[in-house]
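K.L.:
If you scroll down you'll find the structure; I have some questions about it.
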Amino acid sequence: MSKATVAIVGRPNVGKSTIFNRMVGERLAIVEDKPGVTRDRLYGQGEWLNRTFNVIDTGGIDIGEEPLIDQMRMQAEIAIEEADSIIFIVNGREGITPQDEEVAMILKRSKKPVVVGVNKVDNPDMQDLIYDFYEFGFGQPFPISGSHGIGIGDMLDEVFANFPVHLEDAEEESLIKIAVIGRPNVGKSSLVNAILGEERVITSNIAGTTRDAIDTNFTREGQDYKIVDTAGMRKRGKVYENTEKYSVLRAMRALERANVVLVVLDGEEGVIEQDKKIAGYAHESGRAVVIVVNKWDAVEKDDRTMKAYTENIRETFSYLSYAPIVFVSATKNQRIHKLLPVVNEVMDSHQMRMPTHVINDVIMDAVSRNPAPTAGGIKRLRINYATQVAIGPPTFVVFVNDPDLMHFSYRRYLENQLREAFSFVGTPLKIIARKKNES
Ligand code: GDP
Ligand code: GDP
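One rule links them: number in my numbering = place in the sequence shown (from 1) + 53.
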């Protein structure tokens with residue numbers, strides 16, 4: 054089942070980011086969140102009634118020096134383009150403003166479902182504030198309070214009430230879906246063109262589903278691939294296409310639908326902050342990851358350059374230590390032929406399923422060679438049993454006497470043992486500690 058994406062839209066100060074934070078709650082990611090950078094997150098995962106969905110805070114997409122009204126217009130447009138459903142937030146205490154009307158007009162023109170959230174209705178005797186907002190014609194407005202966490206559930210019920218449930222095509226199982234992500238100008242579209250090469254002529258552009266994604270299918274040596282919704286392939290001269298936040302958003306949307314992610318870096322320019330953010334998202338997504346250093350032709354090099362570059366990448370992206378690195382030149386077509394074999398390899402790892410007894414042997418062997426240290430000299434972690442519960446990425450459950458005793462370093466030790474035993478390449482591994490059923 055593919056996940057729904059909901060965008061939060063509205064003029065400044067109505068409470069969008071407050072509501073966004075409520076929706077994504079503690080599921081906020083952990084990588085690269087620097088204090089002091091406000092509103093860094095504009096994309097997160099929410100959960101409501103056993104349903105997980107993606108949330109976009111369009112207020113977080115700042116679009117350069119444009120006048121406010123243009124920014125709001127673009128944010129609304131982005132929401133329409135990227136989301137399946139839109140939550141339009143207004144300030145109940147201020148009534149309808151001309152800016153609200155402007156946003157409403159843009160949303161009206163789209164065919165996307167819109168639910169109006171009337172925010173800052175902090176207590177029940179303010180409920181009457183919603184009536185003005187029927188005027189938009191988006192149906193019943195919902196009284197909510199972002200700061201008090203009131204009414205958001207009812208609003209989400211409405212959002213999902215008419216929501217079509219997409220089912221993934223079952224026959225796509227053998228298909229490798231590749232997302233090519235990276236900041237603007239690192240060479241993503243050049244790389245896609247280079248990968249497709251001659252094949253380009255026989256590719257089919259399937260103008261997709263609700264999100265008008267453009268995917269490219271191709272076959273190489275009997276293997277089917279799809280390059281997912283690549284930013285570089287859809288340059289349409291929109292002002293926001295090349296803004297930083299938008300490109301991050303784009304990357305997120307692409308990797309949602311992929312199983313292998315190529316994180317493209319510019320070998321000539323080196324790594325900048327934005328690369329780290331994008332790579333962080335790739336890691337968190339649980340997809341298989343390959344780091345591609347592009348423009349290698351433009352780098353002045355001697356016999357140590359590649360090694361030094363590799364070390365630098367390993368240090369900067371320490372959380373991606375599992376990702377292979379490939380140095381290429383898209384425009385000079387250098388080492389491009391190495392990419393798909395690496396993609397196949399990481400996909401294999403990502404989808405690898407091992408028999409339980411084999412997993413169990415590796416884990417129990419690891420434990421006996423290096424038992425978990427006792428916590429405070431009192432209680433020792435005891436592992437009874439381990440099994441693989443999922444693929445994509447491979448996910449393992451270890452049954453223990455007390456999950457709290459499973460510390461980060463020991464978890465990493467077990468992960469490394471699994472990696473060594475089964476040569477996992479390019480995929481994160483998940484290890485979940487669970488209390489052994491006493492009965
Ligand atoms: P955004 O610009 O639309 O993202 O708005 P923010 O989420 O930054 O909120 C703007 C201001 O409104 C902040 O001072 C919030 O604390 C306040 N605010 C947000 N939600 C509520 C609410 O439900 N009730 C009240 N009274 N204030 C709120
Ligand atoms: P995108 O925005 O990430 O899709 O980047 P593009 O594919 O549009 O490339 C941005 C610029 O980098 C263009 O001027 C390309 O010609 C250039 N470029 C892309 N790949 C390479 C490469 O391998 N070597 C060199 N020297 N330039 C490249």
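Note that beta-carbon positions come from the ideal geometry of N, C-alpha and C, so glycine has one too.
1) Taking the alpha carbon of S200 as the point to measure from, which residue in F73, S227, L209 and P166 has its own alpha carbon closest?
2) Mapping the DSSP letters down to three states, classify D319 as helix, strand or coil.
3) Can you grab the Cα-Cα spacing for the pair V450 / E119, in whole Å?
4) Would you kindly check if the distance between the Cβ of L373 and the Cβ of H336 is under 9 Å?
5) Considering only the beta carbon of each residue, do I366 and L318 sit closer than 9 Å?
6) I need the straight-line Cα distance from S242 to E130, nearest angstrom please.
7) Look at T269 and V245 and say whether their C-beta atoms are less than 9 Å apart.
8) Would the beta-carbon of A311 fall within 9 Å of that of A232?
9) Determine the contact status of V77 and I142, defining contact as a CB-CB distance below 9 Å.
10) Might you give, ordered along the chain, the residues of its own chain that have their beta carbon closer than 7 Å to the beta carbon of R435, omitting 5 neighbours on each side?
11) Check whether the Cβ of T384 sits closer than 8 Å to any heavy atom of ligand 2, and report yes or no.
12) Starting from the C-beta of I325, find all residues in its chain whose C-beta is less than 6 Å away, skip the five residues before and the five after it, and write them out in chain order.
13) Using C-beta distances below 7 Å, list every residue in its chain close to Q327, excluding the 5 sequence neighbours before and after it, in chain order.
14) Between V156 and V62, is the Cβ-Cβ spacing less than 9 Å?
15) Measuring only from the beta carbon, is D418 closer than 8 Å to any heavy atom that is part of ligand 2?
16) Taking 8 Å as the cut-off, is the beta-carbon of R487 closer than that to any non-hydrogen atom of ligand 1?
17) Check whether the Cβ of K69 lies closer than 8 Å to any heavy atom of ligand 1, and answer yes or no.
18) For A474, which residues in the same chain have their Cβ closer than 6 Å to its Cβ, ignoring the five residues on either side in sequence?
19) Cα separation between Y184 and Y96?
20) Can you tell me where the alpha helix (DSSP H) with I412 in it begins and where it stops?
21) What span of residues does the beta strand (DSSP E) with S227 cover, start to end?
22) Counting only the same chain and skipping the five closest in sequence on each side, list residues whose C-beta sits under 7 Å from that of M359.
23) Taking only heavy atoms of ligand 2 into account, decide whether any of them is closer than 8 Å to the Cβ of L244.
24) Give every residue of the same chain whose Cβ lies closer than 7 Å to the Cβ of A486, excluding the five residues on either side of it in the sequence, and list them in chain order.
25) Looking only at DSSP bridge pairs, what is N238 linked to?
26) Indicate, with yes or no, if ligand 1 has a heavy atom lying under 8 Å from the CB of I142.
27) Within 10 angstroms of its Cβ, does R433 collect 16 or more other Cβ (buried), or is it exposed?
28) Report the three-state DSSP secondary structure of Y438 (helix, strand or coil).
29) So the candidates are I114, M125 and A132; which of them puts its Cα closest to the Cα of A57?
P.N.:
So, from the data block:
1) For the purposes of this step, residue 200 is taken as residue 147 along the sequence shown, with counting starting at 1. It is F73.
2) Walking along the sequence shown from the start, residue 319 turns up at place 266. D319 falls in the strand class under three-state DSSP.
3) Reading the sequence shown from its first residue, position 397 is the one you call residue 450. Reading the sequence shown from its first residue, position 66 is the one you call residue 119. So the alpha carbons of these two residues sit roughly 50 Å apart.
4) Taking the first residue of the sequence shown as position 1, residue 336 is located at position 283. Taking the first residue of the sequence shown as position 1, residue 373 is located at position 320. Against a cut-off of 9 Å, the Cβ pair of L373 and H336 comes out as a contact.
5) For the purposes of this step, residue 366 is identified with residue 313 of the sequence shown, where counting begins at 1. For the purposes of this step, residue 318 is identified with residue 265 of the sequence shown, where counting begins at 1. Going by C-beta atoms, I366 is nearer than 9 Å to L318.
6) Here residue 242 is taken as the residue at index 189 of the sequence shown, counted from 1. Here residue 130 is taken as the residue at index 77 of the sequence shown, counted from 1. About 23 Å.
7) What you label residue 269 is simply residue 216 of the sequence shown in a count that begins at 1. What you label residue 245 is simply residue 192 of the sequence shown in a count that begins at 1. Yes, they are a contact pair.
8) Reading the sequence shown from its first residue, position 258 is the one you call residue 311. Reading the sequence shown from its first residue, position 179 is the one you call residue 232. Yes, the Cβ-Cβ distance between A311 and A232 is below 9 Å.
9) Residue numbering aside, residue 77 sits at position 24 when the sequence shown is read from its first letter. Residue numbering aside, residue 142 sits at position 89 when the sequence shown is read from its first letter. The answer is no: Cβ separation not under 9 Å.
10) Counting from one through the sequence shown, the residue named residue 435 turns up at place 382. Cβ within range, chain order: V453 and N454.
11) As a first step, residue 384 must be located in the sequence shown, where it is residue number 331. Checking every heavy atom of ligand 2 against the Cβ of T384, one is found closer than 8 Å.
12) The residue labelled residue 325 in the question sits at position 272 within the sequence shown. Closer than 6 Å at Cβ, skipping near neighbours: no residue.
13) Taking the sequence shown and counting its residues from 1, the one referred to as residue 327 is at position 274. Contacts found: R236 and E297.
14) Within the sequence shown, residue 156 is the residue found at index 103, counting from 1. Within the sequence shown, residue 62 is the residue found at index 9, counting from 1. Cβ distance < 9 Å, so V156 and V62 count as in contact.
15) For the purposes of this step, residue 418 is identified with residue 365 of the sequence shown, where counting begins at 1. Incorrect: D418 has no Cβ contact closer than 8 Å to ligand 2.
16) Here residue 487 refers to the residue found at position 434 of the sequence shown. Incorrect: R487 has no Cβ contact closer than 8 Å to ligand 1.
17) As a working note, residue 69 is residue 16 in the sequence shown. Indeed, a heavy atom of ligand 1 lies less than 8 Å from the Cβ.
18) By 1-based counting over the sequence shown, the position of residue 474 is 421. For A474, where only same-chain residues beyond five positions count, the Cβ hits under 6 Å are V415.
19) Along the sequence shown, read from residue 1 onward, the residue named residue 184 stands at position 131. Along the sequence shown, read from residue 1 onward, the residue named residue 96 stands at position 43. Going by the C-alpha atoms only, they are around 31 Å apart.
20) The sequence position of residue 412 within the sequence shown is 359, counting from 1. Segment T409 to R422, the alpha helix (DSSP H) holding I412.
21) Residue mapping note: residue 227 aligns to position 174 of the sequence shown, counting from 1. Where S227 is concerned, there is no enclosing beta strand (DSSP E), given that its DSSP letter is neither H nor E.
22) Numbered from 1 along the sequence shown, position 306 holds the residue referred to as residue 359. Taken in chain order, the residues that qualify are F380.
23) Residue 244 sits at position 191 when you count from the first residue of the sequence shown. Yes, the beta carbon of L244 sits closer than 8 Å to at least one heavy atom of ligand 2.
24) The residue given as residue 486 occupies position 433 in the sequence shown. Here the set comprises V451, V453, P456 and M459.
25) As a working note, residue 238 is residue 185 in the sequence shown. Paired residues: none, contrary to the question.
26) One-based indexing of the sequence shown puts residue 142 at position 89. Checking every heavy atom of ligand 1 against the Cβ of I142, one is found closer than 8 Å.
27) By one-based count along the sequence shown, residue 433 stands at place 380. R433 comes out exposed.
28) Residue 438 sits at position 385 when you count from the first residue of the sequence shown. Residue state, collapsed to three classes: strand.
29) Counting from one through the sequence shown, the residue named residue 57 turns up at place 4. Checking every option, the nearest Cα to that of A57 belongs to A132.
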